[in-house]
Ligand code: P6P
């Protein structure tokens with residue numbers, strides 16, 4: 001009986017990667033599989049969110065001062081539950097927790113990695129069935145193994161990530177992750193309950209025609225950003241267009257679409273919020289890593305996102321990410337802001 005080896009599950013893929021690097025301990029592969037397991041549990045609840053009393057505000061507000069939906073807490077708890085009882089993670093930082101969660105047990109203290117998460121980004125969209133997602137970044141600890149992890153393990157620049165990824169709960173559920181060796185996408189096959197390799201070696205097209213921005217903030221943006229938006233709107237066949245504006249208000253969905261099709265996603269600073277809205281450690285760094293490995297680019301308008309030295313767990317940053325040619329056009333416009 002011939003075995004169909006064409007369809008690799010996430011587990012098989014990470015183990016295959018391990019075979020290619022015999023010196024690897026397998027901890028990173030196990031960590032990625034743990035994240036896959038937690039996201040499958042989140043997926044079950046997201047898919048029936050409209051049916052059970054899991055919607056509605058959890059009655060608390062997170063560090064962002066935003067009302068917390070029950071699903072955010074559920075997703076956060078699933079990730080902690082799996083990783084705390086795994087053997088590959090010493091602790092996590094999360095949008096849903098003011099401080100880092102240090103697992104501090106004998107096994108976890110020996111673990112090489114820490115993780116940063118936005119457990120359920122875009123959760124305000126759950127009530128209206130818009131795609132949402134889990135975002136993660138994985139770092140090798142800088143603190144000594146055998147002791148509990150420390151905040152310094154989490155305040156590393158994004159260029160120190162060993163892996164980063166996201167899960168998009170959309171028309172299908174996909175887990176996309178990057179290591180320095182490439183970006184690969186896995187679609188959840190509900191028949192076998194496994195993520196299966198569906199998008200091997202994802203590359204971000206060098207150019208595209210999709211620009212993503214919240215036009216509602218237009219008059220709050222800098223002159224350079226406004227000039228860029230005007231250029232995007234004036235594009236036609238004579239100057240490399242037409243461009244189209246796509247912005248669904250769910251970062252995972254917007255960036256995933258632009259990564260696959262080519263495009264640029266922006267969340268600029270505004271007069272009211274010069275640092276913008278998005279969080280450096282667990283929203284921008286993971287996507288910057290993924291898009292750069294896929295051949296794209298990510299900046300804060302001036303500097304490479306991955307080179308920013310974090311000072312706080314929940315710090316914000318303006319964020320521009322996408323196809324290199326579109327990013328170059330943007331950067332030309334932003335010169336006027338300097
Ligand atoms: P705005 C969702 O709340 C989120 O953090 C991102 O997923 C999304 O890209 C952004 O905020 C949308 O923010 O201010 O345009 O509604």
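Numbering (this note's numbering), first residue to last: 1 to 338. Glycine included, C-beta positions come from ideal geometry on N, C-alpha and C.
CB contact check: residue 174 to chain D, cutoff 9 Å: Protein chain content of the structure displayed is limited to a single chain, and chain D is not contained in it.
Between the beta-carbon of residue 135 and the beta-carbon of residue 165, is there less than 9 Å? Here residue 135 refers to the residue found at position 135 of the chain shown. Here residue 165 refers to the residue found at position 165 of the chain shown. A contact, by the Cβ cut-off of 9 Å.
According to DSSP, is residue 142 helix, strand or coil? Translated into positions along the chain shown, residue 142 becomes position 142. Looking at residue 142 - three-state DSSP - the assignment turns out to be coil, as it is neither helix nor strand.
Cα-Cα separation, residue 160 to residue 82: In the chain shown, the residue the question calls residue 160 occupies position 160. In the chain shown, the residue the question calls residue 82 occupies position 82. If you take the alpha carbons of residue 160 and residue 82, they lie about 24 Å apart.
So what's residue 119 in DSSP terms, helix, strand or just coil? Residue numbering aside, residue 119 sits at position 119 when the chain shown is read from its first letter. If DSSP states are grouped into helix, strand and coil, residue 119 belongs with the strands.
Residue 283 vs residue 95 beta-carbon contact at 9 Å: Here the question's residue 283 lines up with position 283 in the chain shown. Here the question's residue 95 lines up with position 95 in the chain shown. Closer than 9 Å, so yes.
Put residue 199 into one of helix, strand or coil per three-state DSSP. Within the chain shown, residue 199 is the residue found at index 199, counting from 1. In the structure shown, residue 199 sits in a strand (DSSP, three-state: E or B).
Determine whether the beta carbon atoms of residue 228 and residue 269 lie at a separation below 9 Å. Taking the chain shown and counting its residues from 1, the one referred to as residue 228 is at position 228. Taking the chain shown and counting its residues from 1, the one referred to as residue 269 is at position 269. Not a contact, by the Cβ cut-off of 9 Å.
Less than 8 Å separating the Cβ of residue 327 from some heavy atom of the ligand P6P? Locating residue 327 in the chain shown gives position 327, where the first residue counts as 1. Residue 327: no, Cβ never under 8 Å from the ligand P6P.
The stretch 141–149 / the stretch 107–120 touching (three or more Cβ pairs under 8 Å): Segments in contact, yes.
Between residue 258 and residue 250, what straight-line distance do the alpha-carbon atoms span, to the nearest angstrom? Here residue 258 refers to the residue found at position 258 of the chain shown. Here residue 250 refers to the residue found at position 250 of the chain shown. C-alpha separation (whole angstroms): 12 Å.
Range covered by the alpha helix (DSSP H) that runs through residue 38: Your numbering for residue 38 matches position 38 in the chain shown. Element bounds for residue 38: 27–47.
Indicate, with yes or no, if the ligand P6P has a heavy atom lying under 8 Å from the CB of residue 121. Your numbering for residue 121 matches position 121 in the chain shown. Yes, since a heavy atom of the ligand P6P falls inside the 8 Å radius drawn around the Cβ of residue 121.
Strand pairing of residue 303, partner residues [DSSP]: Taking the first residue of the chain shown as 1, we reach residue 303 at position 303. DSSP output for residue 303 lists no bridge partner at all.
Length of the line joining the Cα atoms of residue 223 and residue 260: Along the chain shown, read from residue 1 onward, the residue named residue 223 stands at position 223. Along the chain shown, read from residue 1 onward, the residue named residue 260 stands at position 260. One C-alpha to the other measures close to 29 Å.
Any heavy atom of the ligand ZN inside 8 Å of the beta-carbon of residue 252? By its list of ligands, the structure shown excludes the ligand ZN, since it contains just the ligand P6P.
With three or more C-beta pairs closer than 8 Å as the rule, is the stretch 111–131 touching the stretch 14–30? Yes, they touch.
Measure how close the beta-carbons of residue 247 and residue 213 come, nearest whole angstrom, since I'm counting them as under 8 Å. Locating residue 247 in the chain shown gives position 247, counting from the first residue. Locating residue 213 in the chain shown gives position 213, counting from the first residue. The pair is a contact, with the Cβ atoms about 6 Å apart (cut-off 8 Å).
Three or more beta-carbon pairs under 8 Å between the stretch 173–187 and the stretch 29–48, yes or no? yes
Which same chain residues end up closer than 7 Å to residue 207 when comparing Cβ atoms and leaving out the 5 residues on each side of it in sequence? To locate residue 207, count along the chain shown from 1; it is residue 207. Excluding residues within five positions, the ones whose Cβ falls inside 7 Å are 262, 323, 325 and 326.
Secondary structure of residue 12, DSSP reduced to three states: On the chain shown, residue 12 is found 12 positions in, with the first residue counted as 1. Correct three-state label for residue 12: helix.
With distance defined between alpha-carbon atoms, name the residue in 194, 47, 151 and 132 nearest to residue 11. On the chain shown, position 11 is the one that residue 11 refers to. Nearest C-alpha to residue 11: 194.
Taking 8 Å as the cut-off, does the CB of residue 223 come closer than this to any heavy atom belonging to the ligand P6P? Mapped onto the chain shown, residue 223 falls at position 223. No, since every heavy atom of the ligand P6P falls outside the 8 Å radius drawn around the Cβ of residue 223.
To the nearest angstrom, how far is the alpha carbon of residue 168 from that of residue 287? Translated into the one-based positions of the chain shown, residue 168 becomes position 168. Translated into the one-based positions of the chain shown, residue 287 becomes position 287. For residue 168 and residue 287, the distance between alpha carbons rounds to 13 Å.
What's the C-alpha gap between residue 237 and residue 306? Mapped onto the chain shown, residue 237 falls at position 237. Mapped onto the chain shown, residue 306 falls at position 306. The alpha-carbon atoms of residue 237 and residue 306 are separated by roughly 34 Å.
DSSP-derived helix/strand/coil call for residue 207: Taking the first residue of the chain shown as position 1, residue 207 is located at position 207. In this structure, residue 207 counts as coil in the three-state DSSP scheme.
Can you tell me whether DSSP reads residue 297 as helix, strand or coil? Taking the chain shown and counting its residues from 1, the one referred to as residue 297 is at position 297. Residue 297 falls in the strand class under three-state DSSP.
Residues in the same chain with beta-carbon distance under 7 Å from residue 125, minus the five sequence neighbours each way, listed in chain order, please. Within the chain shown, the letter at position 125 stands for residue 125. Closer than 7 Å at the Cβ level, and outside the excluded window around residue 125, lie 132, 249 and 250.
Alpha carbon to alpha carbon, how far is residue 156 from residue 273? Residue 156 sits at position 156 when you count from the first residue of the chain shown. Residue 273 sits at position 273 when you count from the first residue of the chain shown. The alpha-carbon atoms of residue 156 and residue 273 are separated by roughly 24 Å.
Tell me whether residue 124, by its Cβ, gets closer than 8 Å to a heavy atom of the ligand P6P. What you label residue 124 is simply residue 124 of the chain shown in a count that begins at 1. Because some heavy atom of the ligand P6P lies under 8 Å away, the Cβ of residue 124 counts as near it: yes.
Identified DSSP bridge partners for residue 333: Position 333 of the chain shown holds residue 333. Looking at the DSSP assignment, residue 333 forms no beta bridge with any residue, so it has no partner.
Extent of the continuous alpha helix (DSSP H) run through residue 224: For the purposes of this step, residue 224 is identified with residue 224 of the chain shown, where counting begins at 1. It spans 223–234 - the alpha helix (DSSP H) in which residue 224 sits, taken as one unbroken run.
Which word fits residue 332, buried or exposed, when buried means at least 16 other C-beta atoms lie within 10 angstroms of its C-beta? Counted from its first residue, the chain shown places residue 332 at position 332. Flag for residue 332 reads exposed.
Is residue 282 near the ligand P6P, judged by its Cβ being under 8 Å from some heavy atom? What you label residue 282 is simply residue 282 of the chain shown in a count that begins at 1. No, Cβ of residue 282 sits at least 8 Å from all heavy atoms of the ligand P6P.
Are the CB atoms of residue 101 and residue 86 within a distance shorter than 9 Å? To locate residue 86, count along the chain shown from 1; it is residue 86. To locate residue 101, count along the chain shown from 1; it is residue 101. Contact flag unset, no.
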